[in-house]
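Have a look at the structure below, then the notes.
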Amino acid sequence: MLEYSRWKYLVILLVLALSVVYAVPNVFPQDPAVQVTANRGSQVDAAMKTRVDAALKKQGVPFASSEIGKDGNLLVRTATDDAQTRAADVVRDEVGSGYVVALNQASTVPGWLRAIGARPMFLGLDLRGGVHFLMQVDREAALAKRFEATAEDMRVLLRDNRIRYNSVEPGAGNTVVAVLSPGQDLSKVRPLLARDMPTYQIEATADRISVRIPQAELDKMLTDAVQQNIGTLSNRINELGVAEPIIQRQGADRIAVQLPGVQDTAQAKRILGATATLEYRGVVEGNAVEARESGNVPPEARIYNSKTIGPDGKPLPVLLNKRIITSGEQLQNATSFFDSQSGTPAVSVRLNSAGGQRMYDYTKDHVGKSMAVVYIERVPEVKLVDGKEVRTTRVNEQVISVATIQGVLNRDFQTTGLESMKEGADLALLLRAGALAAPMDFVDERTIGPSLGKENIERGLTAVAFSFVFALLFFLVYYRMFGLITCIALLINLLMVFALMSVLGATMSLPGLAGIALTVGMSVDANVLINERIREELRLGLPPQKAIAEGYERASGTILDANVTAFLAGLAMFAFGSGPLKGFGMTTMLGIATSAYTAVSVSRGIATLIYGGRKKLKSVAI
Amino acid sequence: MKPFNVFPYDSNIDFMRMRWVSLSVAFLLMVVALGAMGARGFNFALDFTGGIGVELRYEKKPDVDKVREQLASAGFHGAQVQNFGSGDDLLVRLQADGKQEAGADKASSIGDAVAKAASLAGNPAEKRSSAVISAQVGKDLAIDGIYAVLFVLVGFLGYISLRFEKKFAVAAIITTLHDVLICVGWFALSGHEFDLNVLAGILSVMGFSINDTIVVFDRVRENFRGMRADPVTILNKSVNQTLSRTVITSFVAFLSMLSLYIYGGDSLRGMAEAMIIGIIIGTVSSIFVACPLLTMGMLKVSKQDLLPKSRDEEALARRP
Numbered sequence: 004m005l006e007y008s009r010w011k012y013l014v015i016l017l018v019l020a021l022s023v024v025y026a027v028p029n030v031f032p033q034d035p036a037v038q039v040t041a042n043r044g045s046q047v048d049a050a051m052k053t054r055v056d057a058a059l060k061k062q063g064v065p066f067a068s069s070e071i072g073k074d075g076n077l078l079v080r081t082a083t084d085d086a087q088t089r090a091a092d093v094v095r096d097e098v099g100s101g102y103v104v105a106l107n108q109a110s111t112v113p114g115w116l117r118a119i120g121a122r123p124m125f126l127g128l129d130l131r132g133g134v135h136f137l138m139q140v141d142r143e144a145a146l147a148k149r150f151e152a153t154a155e156d157m158r159v160l161l162r163d164n165r166i167r168y169n170s171v172e173p174g175a176g177n178t179v180v181a182v183l184s185p186g187q188d189l190s191k192v193r194p195l196l197a198r199d200m201p202t203y204q205i206e207a208t209a210d211r212i213s214v215r216i217p218q219a220e221l222d223k224m225l226t227d228a229v230q231q232n233i234g235t236l237s238n239r240i241n242e243l244g245v246a247e248p249i250i251q252r253q254g255a256d257r258i259a260v261q262l263p264g265v266q267d268t269a270q271a272k273r274i275l276g277a278t279a280t281l282e283y284r285g286v287v288e289g290n291a292v293e294a295r296e297s298g299n300v301p302p303e304a305r306i307y308n309s310k311t312i313g314p315d316g317k318p319l320p321v322l323l324n325k326r327i328i329t330s331g332e333q334l335q336n337a338t339s340f341f342d343s344q345s346g347t348p349a350v351s352v353r354l355n356s357a358g359g360q361r362m363y364d365y366t367k368d369h370v371g372k373s374m375a376v377v378y379i380e381r382v383p384e385v386k387l388v389d390g391k392e393v394r395t396t397r398v399n400e401q402v403i404s405v406a407t408i409q410g411v412l413n414r415d416f417q418t419t420g421l422e423s424m425k426e427g428a429d430l431a432l433l434l435r436a437g438a439l440a441a442p443m444d445f446v447d448e449r450t451i452g453p454s455l456g457k458e459n460i461e462r463g464l465t466a467v468a469f470s471f472v473f474a475l476l477f478f479l480v481y482y483r484m485f486g487l488i489t490c491i492a493l494l495i496n497l498l499m500v501f502a503l504m505s506v507l508g509a510t511m512s513l514p515g516l517a518g519i520a521l522t523v524g525m526s527v528d529a530n531v532l533i534n535e536r537i538r539e540e541l542r543l544g545l546p547p548q549k550a551i552a553e554g555y556e557r558a559s560g561t562i563l564d565a566n567v568t569a570f571l572a573g574l575a576m577f578a579f580g581s582g583p584l585k586g587f588g589m590t591t592m593l594g595i596a597t598s599a600y601t602a603v604s605v606s607r608g609i610a611t612l613i614y615g616g617r618k619k620l621k622s623v624a625i
Numbered sequence: 523m524k525p526f527n528v529f530p531y532d533s534n535i536d537f538m539r540m541r542w543v544s545l546s547v548a549f550l551l552m553v554v555a556l557g558a559m560g561a562r563g564f565n566f567a568l569d570f571t572g573g574i575g576v577e578l579r580y581e582k583k584p585d586v587d588k589v590r591e592q593l594a595s596a597g598f599h600g601a602q603v604q605n606f607g608s609g610d611d612l613l614v615r616l617q618a619d620g621k622q623e624a625g626a627d628k629a630s631s632i633g634d635a636v637a638k639a640a641s642l643a644g645n646p647a648e649k650r651s652s653a654v655i656s657a658q659v660g661k662d663l664a665i666d667g668i669y670a671v672l673f674v675l676v677g678f679l680g681y682i683s684l685r686f687e688k689k690f691a692v693a694a695i696i697t698t699l700h701d702v703l704i705c706v707g708w709f710a711l712s713g714h715e716f717d718l719n720v721l722a723g724i725l726s727v728m729g730f731s732i733n734d735t736i737v738v739f740d741r742v743r744e745n746f747r748g749m750r751a752d753p754v755t756i757l758n759k760s761v762n763q764t765l766s767r768t769v770i771t772s773f774v775a776f777l778s779m780l781s782l783y784i785y786g787g788d789s790l791r792g793m794a795e796a797m798i799i800g801i802i803i804g805t806v807s808s809i810f811v812a813c814p815l816l817t818m819g820m821l822k823v824s825k826q827d828l829l830p831k832s833r834d835e836e837a838l839a840r841r842p
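Those sequence lines, one after another, are chains A and B. All residue numbers for the first sequence refer to my numbering, where the first residue is 4 and numbers rise by one. All residue numbers for the second sequence refer to my numbering, where the first residue is 523 and numbers rise by one.
Structure follows, in structure tokens:
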């Protein structure tokens, strides 16, 4: 009757061993480090490592080691925070704009532990600090984008109303100027524009009509753009799986991002600032090479470079329509995969309904014609001009694939021709997270210290330890032998929570630790339920062993119901909360799951071990 | 050996007799909590309001804890001070006086005041920059919060209806909302600072409260199936039977949170406070609110509601 099968003991031992192994990385300290990853077109290799090593030695910056990790990144470890900052500066100058250089914390967990996926928990911004990025919205680019969009709106408006024009382009002083074809009626255009763009000032002279966007409107647009960028950035950080970041607007046009702990900061930095997106455009027929040589480009077309290099050593040009069919902004979902047909990495995309409709309309009318996919990326560059750092950006547009429209396309289709699987994955992530409303540049990057004082951290940790000890002591006194069993179960529970959180890459902050204390406080509930039930059965006159078995049996149902509901509350916090709330929800869920297991299974195993074998058990110390 | 006991096991307190009183008190408390939220609002912390960020440069490496002390004594409460980059720079973030986001000119003057207050003896601080910073949590937190509460309500309703009965689900949800409301109301009433940690604490009260209520309901279910008595007697008996467990669990959880409150320092105090209140209210309400609700109007349970379904009967028959 009081029995426990052997395989269940085995499971307990296995769980215990795994918990120890995966919790252990948390005791290893972390080194300040500098991480270098390659941008599109560059590579981290031994030659680059030698260059970096030499540059560091030349500048007299002490560093402990430098190695190229399995993830293809170069990691330079330093002894102090100070050396880390200096090393980062030296490395950044040495490798140039082909690489992203970021401050990082490197783990000192031995390789064999890392090989089985054991890693330490990240400590939160409050306990350990992290990295701080300051990004500035590029006003000029944001405004230019807005003017271009207004120009496109005007083109559509004119075309829809059958008014021919020579050009519609952004002009000087916040204006967009439309030059109409001779013989077009200017007086017809004015009311059209006034209707569609009521807040803009419209001026007309002879054959041209100009629309001025008021400054207030532009300011508001910039504010909205910053707000939307904050949303996009937090999406991207979420996609990267960085827990508990802080993202704040700072001043009018800056965004401060703080990321905690040891993480892939270089990857984070690249993704944060990235602007890669896709555009789908129709191919304009004609000899593109000739058009490039002569400069005689059809009015509706622009020359783009394609990926393939022509016989003259230059990229082959392609003539594409100025009108976009659809772009990354109209995307709903994207995933990367390897396309075996073309033998290249690819992304499969799903457009929103508006984008899908446009794609449908276009492909319906152009079956048999060609369509091109343009990969657009904004590459920030820092140059030294007269000893001063000058930040510029270069827009990199490349046609990655041209395909004949075989049939009508809908919302879902695939784009091939990407350079690497990593590029595919990054692009899919960026497309999913949404585009930046305005491009941004990094203006500052620092390590940042813990936001809590040393004293506060110590007090917090002591308090958490105390709260745990309180619970244990109470059990020992109140339930004696079963108190001891409960204590062992609680300790194993704690170990399991730590191990699971480490494996899942959770971020540990002080409130998170308090959350663990609370989970322990709550998880005693399962043990109390069992112990009280055993007492009750004993009072009803059941023999001790029977009472123990019955107590566990009957309490299990209650524990299940009580824990499932509490688990739901944790799940809600995890699913809908952000930052610390998310972490808190996760801790709660893990704690509930492990405490249910340890209370029902582990403590029962121990109780059986102690009381199960005795033939004549008179009384139980409970 | 005789076991230790907090409560005598044969306790037979007639909780149900005072059910009108206890429910009225619970209702009043909820009204007070809602009133306090409406009338006084919350004393939101930096996470929610945003404020001003000031970058300071010192002549030599400053003692961060000393700077924190000096800022606090100069009246900049709740200022966050962090090492910024290597060496001599600090980042200070604090709320503007008006609690709302201040203008750029105000950021500059507050920045100067902070630099003055943060200067250490023989190691003056110089303001490098100061700017208005936005709240850490977006405006969508409120919407997410509503989603989260809806999710929890639907989840509870579904699960408890499935395992118990719809009336139990409704009573449990009312009890949980009651606990959370009072907890939130306390922060409005007392004007204690409300930050993200406090919010986390309040949300976890939800888990604790439902846990407590379900344990009592579980016993009610068992007794309804096994005892021949009128519902009020059964409810009373169930509360009495679980009393010992309820008190012990809550006491241990209370001890843990008390230690956080006493020793945890500023950063954990708000959270611990939220949970201590939640634990007390949750425990009391599982006895005085949840069960009495099951005797009221539409929520009145009868034996029929819990008559074991056919497959449960088999399970019961198998029991010794």
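Ideal Cβ placement from N, Cα and C applies to all residues, glycine included.
Going by alpha carbons, who is nearest to residue i out of the options?
{"i": "residue 78 of chain A", "options": "A:62, A:53, A:534 and A:100", "result": "A:53"}
{"i": "residue 429 of chain A", "options": "A:471, A:615, A:126 and A:380", "result": "A:380"}
{"i": "residue 794 of chain B", "options": "A:513, A:135 and A:492", "result": "A:513"}
{"i": "residue 426 of chain A", "options": "A:338, A:439, A:502 and A:414", "result": "A:338"}
{"i": "residue 634 of chain B", "options": "B:744, B:598 and B:667", "result": "B:598"}
Output yes if chain B places a C-beta closer than 8 Å to the C-beta of residue i; else output no.
{"i": "residue 453 of chain A", "result": "yes"}
{"i": "residue 581 of chain A", "result": "yes"}
{"i": "residue 253 of chain A", "result": "yes"}
{"i": "residue 232 of chain A", "result": "no"}
{"i": "residue 36 of chain A", "result": "no"}
{"i": "residue 492 of chain A", "result": "no"}
{"i": "residue 501 of chain A", "result": "no"}
Give a yes or no on whether the minimum CB-CB distance between residue i and chain A is below 8 Å.
{"i": "residue 580 of chain B", "result": "no"}
{"i": "residue 793 of chain B", "result": "yes"}
{"i": "residue 666 of chain B", "result": "yes"}
{"i": "residue 748 of chain B", "result": "no"}
Excluding the five sequence neighbours on either side, which residues of its own chain have a C-beta within less than 6 Å of the C-beta of residue i, listed in chain order?
{"i": "residue 41 of chain A", "result": "47 and 102"}
{"i": "residue 1 of chain A", "result": "Only positions 4 to 625 of chain A appear in this structure, which leaves residue 1 of chain A out of reach."}
{"i": "residue 573 of chain A", "result": "588, 591 and 592"}
Which residues in chain A have a C-beta closer than 8 Å to the C-beta of residue i? List them in chain order.
{"i": "residue 663 of chain B", "result": "581"}
{"i": "residue 600 of chain B", "result": "Going along chain A, no residue has its Cβ under 8 Å from residue 600 of chain B, so there is no contact; the nearest lies around 11 Å."}
In chain B, which residues lie less than 7 Å from residue i when you measure between Cβ atoms?
{"i": "residue 65 of chain A", "result": "None at all; the shortest Cβ gap to chain B is about 14 Å."}
{"i": "residue 469 of chain A", "result": "781 and 785"}
{"i": "residue 223 of chain A", "result": "Correct list: empty, because the minimum Cβ distance to chain B is about 16 Å."}
{"i": "residue 576 of chain A", "result": "670 and 725"}
Taking residue i as the query, report the chain A residues whose CB atoms sit under 9 Å from its CB, ordered along the chain.
{"i": "residue 682 of chain B", "result": "564 and 568"}
{"i": "residue 616 of chain B", "result": "Ordered by position in chain A, no residue passes the 9 Å Cβ test against residue 616 of chain B, which lies about 12 Å from the chain."}
Might you give, ordered along the chain, the residues of its own chain that have their beta carbon closer than 8 Å to the beta carbon of residue i, omitting 5 neighbours on each side?
{"i": "residue 111 of chain A", "result": "31, 32, 33 and 34"}
{"i": "residue 622 of chain B", "result": "Caution applies to residue 622 of chain B, whose pLDDT of 44 falls short of 50 and renders its modelled position unreliable; the value that the coordinates give is listed next. Excluding positions up to five away in sequence, the list reads 571."}
{"i": "residue 174 of chain A", "result": "180 and 213"}
{"i": "residue 738 of chain B", "result": "760, 761, 764, 768, 808, 809, 812 and 813"}
For residue i, go through chain B and note every residue whose CB falls closer than 8 Å to its CB, in chain order.
{"i": "residue 513 of chain A", "result": "789 and 790"}
{"i": "residue 132 of chain A", "result": "604 and 605"}
Here's a check: name, in chain order, each residue in its chain whose Cβ is nearer than 7 Å to the Cβ of residue i, leaving out the five neighbours to either side.
{"i": "residue 805 of chain B", "result": "734, 768 and 772"}
Give me the chain A residues within the contact set of residue i, using Cβ-Cβ distance strictly less than 7 Å, ordered along the chain.
{"i": "residue 728 of chain B", "result": "572"}
{"i": "residue 766 of chain B", "result": "535"}
Please check if any C-beta of chain C sits within less than 8 Å of the C-beta of residue i.
{"i": "residue 673 of chain B", "result": "In the displayed structure, chain C is absent; the protein chains listed are A and B."}
Residues within the region 795 to 825 of chain B neighbouring chain A, beta-carbon criterion of under 7 Å: Within the region 795 to 825 of chain B, the residues whose Cβ lies closer than 7 Å to some Cβ of chain A are 797, listed in chain order.
Members of the region 525 to 542 of chain A that neighbour chain B once the beta carbon cut-off is set at 8 Å: 525, 527, 528, 531, 532, 535, 538, 539 and 542
Within 8 Å of chain B by C-beta, residues of the region 431 to 464 of chain A in sequence order: 449, 450, 451, 452, 453, 454, 455, 456, 457, 458, 459, 462 and 463
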